[in-house]
Amino acid sequence: MYFLFKNLIVIMVSILLTACVDKTQTLTLDSKSATNGNFVSFSDIAMWDSEDHVAALQVFYDECASKRLPASLKEFCAESNRASDAKLFFETNFQPFLLHSEQGEESILTGYYEPQFAGSLTKSVEYRCPLYKRPKNMLRIELGGLHKDLEKRKLRGRLVGKKVLPYYSRSEINAGMIKEKPLCYLKSDVDRFFLQVQGSGRVLLENSQTMFVGYDGQNGHPYRSIGKAFVESGEISQEEISLQSIRVWLDKHPDKAKGVLESNPSFVFFDKRKRAASGSLGVELSAMRSVAVDRSKIPLGYPLFLSAVNPITEKPINRVVYAQDTGGAIKGQVRADLFCGFGTEAEQLAGELKSPLQLYLLVPKVIVMQK
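Start counting the sequence shown at 458; every next residue gets the next number (my numbering).
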């Protein structure tokens, strides 16, 4: 524990000292994001030289297949394929931008993974919980055309007569308000909830076939953390809160689980995927290299360098990662959710990862020169 404590202190002190070096700047890299921080050098990043730059560059090249990759990054795709020195590629084309924590914001790295649950294409006593596609009657309301200040607002609703009403909440959906045929059925609402939290996963069907499923929209209601509610109520302590401890509590209290889950009105819909977990960028996620970010702060596709601590091994996590996903619970500038992969070890790390975070956005130098 001394090693873990020591590393947490190093990260926190580093954040405080480095953030005060230069005056805060604001980068607007696209129409959807605004990022605050200050430019530094690669020599200012602890452990930059020890990074596996070759592995990091391969992920960059792989994400070049995405049609959603920003044009400012697309221009490096051909070069990334022929680069003989991966470290030099990053240092030549990018400059680190140390992200600053905003007032009241918690600088933290959490984790998520690709879960697998048993399921069936037909409803039965064992398989009774429907996994829904995005309903056809759910409206996506864009307000940017009415007022520029509202262009980042994402509203979901349903049309009743000439009125647009909020779309159904989790409790209303559980009560049967959606009439469409589900993709499949899971064993419990707890399984479905954990799949919704992760955003993508695998369903092992009764015929032994695997159905890959991924995020296909959300009902527009705010996400409310049941983990936070457990801590505030004293049911689970702050030190013990994790995916695993939440699952244990829900399984031990089936009579209370429904009410707890429905305290979070947010509800995620899914669709079939042809491959394993893919994120908002539209590419398959890379274990320990892909992160979910707050899209209003960090543009999708951009490389970042993060410094945190693995709570299981108590060793530092220092590496290049890529903003390839988003999540309803990921809010803030120095905030990221690390994709840990598939399997038991990934699940354990994702469940326990909650580390102070230092985060650098790697900005193309051609953009830096324009600022």
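The C-beta atom is built at its ideal place from N, Cα and C for all residues, glycine as well. Values in this document were obtained by computation on a predicted structure and should not be read as measured data.
1) Specify the secondary structure class of R659 as computed by DSSP and reduced to three states.
2) Between R615 and the rest of its own chain, which residues show a CB-CB distance below 6 Å, the 5 nearest in sequence each way excluded?
3) In chain order, what residues of the same chain have a beta carbon less than 8 Å from the beta carbon of R865, not counting five sequence neighbours either side?
4) Cutting at 6 Å between CB atoms, please list the residues of its own chain near A803, excluding the five before and the five after it.
5) Would you say V617 and N676 are within 9 Å of each other, going by their C-beta atoms?
6) For Y817, count neighbouring Cβ atoms within 10 angstroms of its own Cβ and tell me buried if that reaches 16, exposed if not.
7) Cα separation between I472 and D519?
8) Mapping DSSP to helix, strand and coil, what is V478?
9) Does DSSP put S537 in a helix, a strand or coil?
10) Counting only runs that start and end within the region 531–605, where is the beta strand (DSSP E) found for 3 or more residues in a row?
11) Would you check if the region 709–722 and the region 754–761 touch, i.e. whether three or more CB-CB distances between them fall below 8 Å?
12) Taking the beta carbon of I598 as the centre, do at least 16 other beta carbons fall within 10 Å, making it buried, or is it exposed?
13) Contact check, V740 vs Q781 under 8 Å by CB: the rounded distance?
14) Please classify N664: does DSSP put it in a helix, a strand, or coil?
15) Whose CA, out of K754, S735, R627 and F546, lies closest to the CA of T492?
16) Quick one, are the C-beta atoms of V647 and R732 less than 9 Å apart?
17) Whole angstroms is fine: what's the gap from K636's alpha carbon to P679's?
18) Enumerate in chain order the residues of its own chain whose CB-to-CB distance from N538 is below 6 Å, with the five nearest sequence positions on each side excluded.
19) Out of S500, Q482 and I565, which has the shortest C-alpha to C-alpha gap to E548?
20) In the DSSP assignment, find the unbroken alpha helix (DSSP H) run with F799 in it and report its ends.
21) Need the endpoints of the alpha helix (DSSP H) that I703 sits in, please.
22) Alpha carbons only, please: which of G576, I774 and G736 is nearest the one belonging to S665?
23) Cα-Cα, which of V670, N495, S720 and E663 is closest to F687?
24) If you count every other CB in all the chains shown that lies within 10 Å of the CB of V829, and 16 or more means buried, which is it?
25) How would you write the range of the beta strand (DSSP E) that I774 sits in, first residue to last?
26) Please give the ranges of any alpha helix (DSSP H) in the region 710–780, keeping only runs that are unbroken, at least 4 residues long and fully inside the region.
27) In or out: D506 buried (at least 16 other Cβ within 10 Å) or exposed?
28) Report, in whole angstroms, the separation of the C-beta atoms of V825 and Q482, which I expect to be a contact under 8 Å.
29) Would you give the residue range spanned by the alpha helix (DSSP H) that L514 belongs to?
30) So I693 and S702 are in contact, right, with Cβ under 8 Å, and what is the actual spacing, rounded?
Let's see:
1) The count along the sequence shown starts at 1 and reaches residue 659 at position 202. R659 falls in the strand class under three-state DSSP.
2) Along the sequence shown, read from residue 1 onward, the residue named residue 615 stands at position 158. For R615, same chain residues with a beta-carbon under 6 Å away, outside a window of 5 residues either side, are N594, L622 and Y624 in chain order.
3) Coverage of the chain is limited to positions 458 through 828, which leaves residue 865 absent and any answer about it impossible.
4) In the sequence shown, the residue the question calls residue 803 occupies position 346. Cβ neighbours of A803 beyond the five flanking positions: Y570 and C797.
5) Here the question's residue 617 lines up with position 160 in the sequence shown. Here the question's residue 676 lines up with position 219 in the sequence shown. Going by C-beta atoms, V617 is not nearer than 9 Å to N676.
6) Residue mapping note: residue 817 aligns to position 360 of the sequence shown, counting from 1. So Y817 counts as buried.
7) Here residue 472 refers to the residue found at position 15 when the sequence shown is read from its first residue. Here residue 519 refers to the residue found at position 62 when the sequence shown is read from its first residue. Low per-residue confidence applies at I472: pLDDT is 45, beneath 50, and the placement is therefore not dependable, though the value from the model is reported in the following sentence. If you draw a straight line from the Cα of I472 to the Cα of D519, it is about 31 Å long.
8) One-based indexing of the sequence shown puts residue 478 at position 21. Only weak support is given to the placement of V478: the predicted model assigns it a pLDDT of 47, under 50, and the question is left unresolved by the model.
9) To locate residue 537, count along the sequence shown from 1; it is residue 80. In the structure shown, the three-state DSSP call for S537 is helix.
10) 551–556, 565–571, 573–577, 586–588 and 596–599, all fully within the region 531–605.
11) In short, these stretches do not touch, since the Cβ pair count stays below three.
12) In the sequence shown, residue 598 corresponds to position 141, counting from 1. By the beta-carbon neighbour count (other beta carbons within 10 angstroms, threshold 16), I598 is exposed.
13) Position 283 of the sequence shown, counted from the first residue, corresponds to residue 740. Position 324 of the sequence shown, counted from the first residue, corresponds to residue 781. The pair is a contact, with the Cβ atoms about 6 Å apart (cut-off 8 Å).
14) For the purposes of this step, residue 664 is taken as residue 207 along the sequence shown, with counting starting at 1. N664: coil per DSSP, three-state reduction.
15) Position 35 of the sequence shown, counted from the start, is the residue given in the question as residue 492. Looking at the Cα atoms, K754 is the closest of the given residues.
16) Here residue 647 is taken as the residue at index 190 of the sequence shown, counted from 1. Here residue 732 is taken as the residue at index 275 of the sequence shown, counted from 1. No.
17) As a first step, residue 636 is located in the sequence shown; it is residue number 179 there, counting from the start. As a first step, residue 679 is located in the sequence shown; it is residue number 222 there, counting from the start. Between the alpha carbons of K636 and P679 lies a distance of about 23 Å.
18) The residue given as residue 538 occupies position 81 in the sequence shown. Y518.
19) Taking the sequence shown and counting its residues from 1, the one referred to as residue 548 is at position 91. The shortest C-alpha separation from E548 is found at S500.
20) In the sequence shown, residue 799 corresponds to position 342, counting from 1. Annotation: F799 is outside any alpha helix (DSSP H); the continuous beta strand (DSSP E) that includes it extends over R792 to F799.
21) Within the sequence shown, numbered from 1, the residue matching residue 703 stands at position 246. From DSSP, the alpha helix (DSSP H) with I703 extends over L700 to K709.
22) Counting from 1 along the sequence shown, the entry for residue 665 is found at position 208. When each option's Cα is compared against that of S665, the closest is G576.
23) Sequence index remark: in the sequence shown, residue 687 carries index 230 (1-based). Closest option to F687, judged by alpha-carbon separation, among V670, N495, S720 and E663: S720.
24) In the structure as shown, the chain starts at 458 and stops at 828, and residue 829 therefore has no counterpart that could be examined.
25) By 1-based counting over the sequence shown, the position of residue 774 is 317. Where I774 is concerned, the enclosing beta strand (DSSP E) stretches over P773 to T783.
26) The region 710–780 is shown to contain whole alpha helix (DSSP H) runs of 4 or more residues at 711–719, in chain order.
27) By 1-based counting over the sequence shown, the position of residue 506 is 49. Around the beta carbon of D506, a 10 Å sphere encloses fewer than 16 other beta carbons of the protein chains shown; the residue is thus reported as exposed.
28) To locate residue 825, count along the sequence shown from 1; it is residue 368. To locate residue 482, count along the sequence shown from 1; it is residue 25. Wrong, their Cβ atoms sit about 10 Å apart, outside the cutoff.
29) Locating residue 514 in the sequence shown gives position 57, where the first residue counts as 1. Judged by DSSP secondary structure, L514 falls within the alpha helix (DSSP H) whose first and last residues are H510 to E520.
30) Within the sequence shown, the letter at position 236 stands for residue 693. Within the sequence shown, the letter at position 245 stands for residue 702. Indeed they touch by this definition, with Cβ atoms about 5 Å apart.
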